[in-house]
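Undergrad: In our numbering, the protein residues as written are -19 to 199. For every residue, glycine included, the Cβ atom is placed at its ideal position computed from N, Cα and C. All values derive from a computational prediction rather than experimental measurement.
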DNA sequence: CTCCTGACTG
DNA sequence: CAGTCCGGAG
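1) Residue -19 by DSSP, collapsed to three states: which one?
2) Would you check if there are 3 or more beta carbon pairs closer than 8 Å linking the stretch 37 to 56 to the stretch 72 to 85?
3) Output the distance between the C-alpha atoms of residue 23 and residue 66, rounded to the nearest integer angstrom.
4) With C-beta atoms as the reference, is residue 118 less than 7 Å away from residue -11?
5) Can you tell me which of 104, 64, 95, 68 puts its alpha carbon nearest to the alpha carbon of residue 80?
6) For residue 93, count neighbouring C-beta atoms within 10 Å of its own C-beta (all shown protein chains included) and say buried if the count is 16 or more, exposed if not.
7) Provide the residue span of the alpha helix (DSSP H) that contains residue 117, from first to last.
8) Do you know offhand how far residue 163's Cα is from residue 175's?
9) Nearest-angstrom Cα distance between residue 95 and residue 140?
10) For a quick check, are the C-beta atoms of residue 202 and residue 102 less than 7 Å apart?
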């Protein structure tokens, strides 16, 4: 294990021991996780839950329903998630891809190699690196590390990276080249980071209360 | 860089 | 009442 790998594990354990297992999307429906990953783009998860609840009530939380429903109507149903017009289009573009490439068979989709699938997802308008990786890790259980704004901020503040705007793929490599390739670890690690981000590592950080307050910082 | 959007927080 | 939210496109 590399020096950096040990540091990352230390960071993970500090977070995990304070916050406990976060159980992100355990046993949740694969398709629902994919939809959630798109709806949560720059949006608080609480608002995404409302949108998903409404989709269930209207019985449109399926590839078939999203493909056929009127885009305007879809945008109204997902309205609580914000950016509802553009996200309605993104959902439709996404399910079109699902149908064209995999006949909406998510089991079949899962058999495809990780990076082939990643390239396909990135070719869809509205699916960027973070959304693609969230779908790959949390819905399809592929071993890839999800990087987000919190990840960059936390690594920067704890001096693991020297600039707060390092490249997405570089930061992803930093985790993947120094940790065991483990879906469960990647899943929990990112979840822990997000929780630290929204509870402590905000723009105005609450360092005194943070589980990472003594991590890699000279006092 | 700006726009996209509603809901919630401090 | 401004800032922010599990970003991405133009």
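TA: In short:
1) coil
2) yes
3) 13 Å
4) no
5) 104
6) exposed
7) Counting along the chain, residue 117 falls outside any alpha helix (DSSP H), and DSSP gives it neither H nor E.
8) 18 Å
9) 26 Å
10) The structure shown has nothing for residue 202, since the chain only spans -19 to 199.
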